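Numbering (the working numbering), first residue to last: 5 to 157.
As structure tokens, this is what we get:
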């Protein structure tokens, strides 16, 4: 009988039905979006992305953040208000994996309209290419993009 319970437990832990971590824990495991996670923390949005959702995050990579001018980067990460706008401009409501992204316009949780493009698995958000996709969390999904998505001035 113990062998049967062990096999059932083993099957459950190795199956795809295991519960994923929330968006914050999932993002924290990726060194490629460390600065974006710092912005979430500065904005005080940890609890939102731990307990609410679902959300789809288009997180800029570290190399995308490094291409920003020092002044722009400093401004984006200077205080809670600007960090909140920055983070919120990269997040849309709902859990949208790459295969479900449809070309067109959508709205970020900041309220800004952004364009999505999808062509044979190549996905772009406001011209930023998704370079790593479908990092699944229990309350959403993260896609890493190669460019910071900034509003037009």
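Backbone N, C-alpha and C define an ideal beta-carbon position, used for all residues, glycine too.
All of these numbers come straight from a predicted model, not from anything done at the bench.
Check whether residue i and residue j have beta carbons under 7 Å apart
i	j	result
residue 130	residue 153	yes
residue 47	residue 91	yes
residue 1	residue 110	Look at the range of the chain in this structure, 5 to 157, and you will see that residue 1 is not part of it.
residue 86	residue 80	yes
residue 39	residue 141	no
residue 54	residue 28	yes
residue 132	residue 149	yes
residue 2	residue 151	This structure cannot speak to residue 2, because the chain is shown only from 5 to 157.
residue 25	residue 143	no
Secondary structure of residue i, DSSP reduced to three states
i	result
residue 117	strand
residue 56	coil
residue 140	strand
residue 171	Any property of residue 171 remains undetermined from this structure, which presents the chain solely from 5 to 157.
residue 149	strand
residue 101	coil
Residue i versus the options, residue with shortest Cα-Cα distance
i	options	result
residue 164	59, 56, 53, 41	It is not possible to answer for residue 164, since the shown part of the chain is limited to 5 through 157.
residue 112	29, 54, 61	61
residue 114	25, 24, 59	59
residue 128	99, 56, 105	105
residue 36	57, 51, 64	64
Residue(s) in a DSSP beta bridge with residue i
i	result
residue 96	60
residue 132	129
residue 109	119
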